[in-house]
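Chemist:
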Ligand code: ADP
Ligand code: MG
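In my numbering, the protein residues as written are 13 to 266.
1) Taking 7 Å as the cut-off, is the beta-carbon of residue 185 closer than that to any non-hydrogen atom of the ligand MG?
2) Closer than 7 Å: is that where the CB of residue 106 sits relative to any heavy atom of the ligand ADP?
3) Mind listing, in chain order, the residues whose beta carbon lies closer than 5 Å to a non-hydrogen atom of the ligand ADP?
4) As a quick exercise: from 46, 44, 95, 52, pick the residue whose alpha carbon is nearest that of residue 68.
5) Between residue 101 and the rest of its own chain, which residues show a CB-CB distance below 7 Å, the 5 nearest in sequence each way excluded?
6) State the CB to CB distance for the pair residue 222 and residue 259, rounded to an integer number of angstroms; the pair is presumed to be in contact (CB under 8 Å).
7) Look at the alpha carbon of residue 24 and the alpha carbon of residue 157, and state the distance between them as a whole number of angstroms.
8) Just tell me which of 214, 230, 150, 213 has its CA closest to the CA of residue 220.
9) On the criterion of 16 or more Cβ atoms from any shown chain inside 10 Å, does residue 250 qualify as buried, or is it exposed?
10) So, helix, strand or coil for residue 90, using DSSP?
11) Going by beta-carbon coordinates alone, are residue 247 and residue 256 separated by less than 8 Å?
12) For residue 110, does the count of other Cβ atoms within 10 angstroms reach 16, so buried, or fall short, so exposed?
13) Please name the residue, chosen from 47, 190, 55, 227, that lies closest to residue 167 on a Cα-to-Cα basis.
14) May I ask you to report which of helix, strand or coil DSSP gives residue 202?
15) Pull the bridge partners of residue 33 from the DSSP assignment, please.
16) Among 180, 198, 187, which residue has its Cα nearest to the Cα of residue 209?
17) Locate the beta strand (DSSP E) running through residue 183, then write down its first and last residues.
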């Protein structure tokens with residue numbers, strides 16, 4: 013079997029007394045889309061934040077392209093070191109709140125990281141970033157400021173911004189949850205295209221239709237553990253576990 017793009021081994025994370033991740037194992041192959049479902053508070057965001065070392069786990073291993081990213085000195089207190097740089101250049105993340113820089117144009121939002129972190133020239137970054145913005149359907153918005161854009165457009169800028177670092181893995185944390193219903197589709201379409209182009213993706217979402225259509229694996233989490241995982245058709249249409257059934261019932265009821 014090919015080496016996993018990402019492999020999580022026994023990930024544990026606690027905040028004080030609260031044990032949020034209680035031993036999570038997950039293998040993600042290159043080009044695979046893993047959709048993560050689960051009730052609020054089950055540890056989904058924390059798991060994604062472990063993967064990009066925003067919240068380093070206190071126990072367990074995370075192999076990214078075969079490298080254990082928890083091993084380096086940067087897994088502790090946020091000091092700059094090989095593993096943080098390694099992760100930043102390989103893992104992009106998009107959040108529920110778009111977190112764009114309000115005083116920067118759309119184009120500058122996208123070019124900022126490659127210019128400052130990778131030290132690339134403005135000309136090179138502008139050209140690449142414009143191509144990325146075209147790709148997410150925002151070729152006419154380079155000069156706009158975020159506040160002039162709809163939520164769906166802002167979220168697509170955020171996706172382009174993450175892609176500007178040329179990541180190998182993209183993490184999406186409920187990226188359509190803050191959007192008006194009519195804007196959800198344009199963002200999911202962008203993610204669908206990215207998946208079709210072969211991006212490796214971890215997607216925390218309540219969009220069951222998207223998980224079914226685009227997901228290669230569905231993972232259901234509850235209370236800090238993976239309760240059930242497998243092919244979307246199995247987990248979503250024929251869940252084995254009571255907790256999965258109950259959750260899906262609640263989500264599909266909406
Ligand atoms: P989910 O994304 O599935 O809703 P989270 O990973 O955000 O769940 O949170 C899981 C639990 O961890 C929640 O009880 C939450 O309050 C707690 N938690 C998350 N981040 C922190 C933090 N930085 N400090 C303390 N508690 C946290
Ligand atoms: Mg969350």
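Ideal placement from N, C-alpha and C gives every residue a C-beta, glycine not left out.
Modeler: Once the coordinates are examined:
1) The answer is yes for residue 185.
2) With a cut-off of 7 Å, the C-beta of residue 106 is classified as distant from the ligand ADP, since no heavy atom of the ligand falls inside that distance.
3) Selection around the ligand ADP by beta-carbon proximity, strictly under 5 Å to any non-hydrogen atom, yields 27, 32, 52, 53, 54, 55, 56, 57, 58 in chain order.
4) Taking each of 46, 44, 95, 52 in turn and checking the Cα distance to residue 68, the smallest one comes out for 95.
5) For residue 101, the CB contacts under 7 Å within the same chain, skipping 5 residues up- and downstream, are 177 in chain order.
6) A Cβ-Cβ separation of about 16 Å leaves residue 222 out of contact with residue 259 under the 8 Å criterion.
7) About 40 Å.
8) Of 214, 230, 150, 213, the residue nearest in Cα terms is 230.
9) Residue 250 should be labelled exposed.
10) Confidence at residue 90 is low in this model, with a pLDDT of 48, below 50, so the placement of that residue is unreliable and no value is reported for it.
11) The answer is yes: Cβ separation under 8 Å.
12) Burial call: buried.
13) Per the C-alpha coordinates, the member of 47, 190, 55, 227 positioned closest to residue 167 is 190.
14) Residue 202 falls in the helix class under three-state DSSP.
15) For residue 33, which the question treats as bridged, DSSP gives the partners 25.
16) That would be 180, whose Cα lies nearest to the Cα of residue 209.
17) Unbroken beta strand (DSSP E) run through residue 183: 181 to 185.
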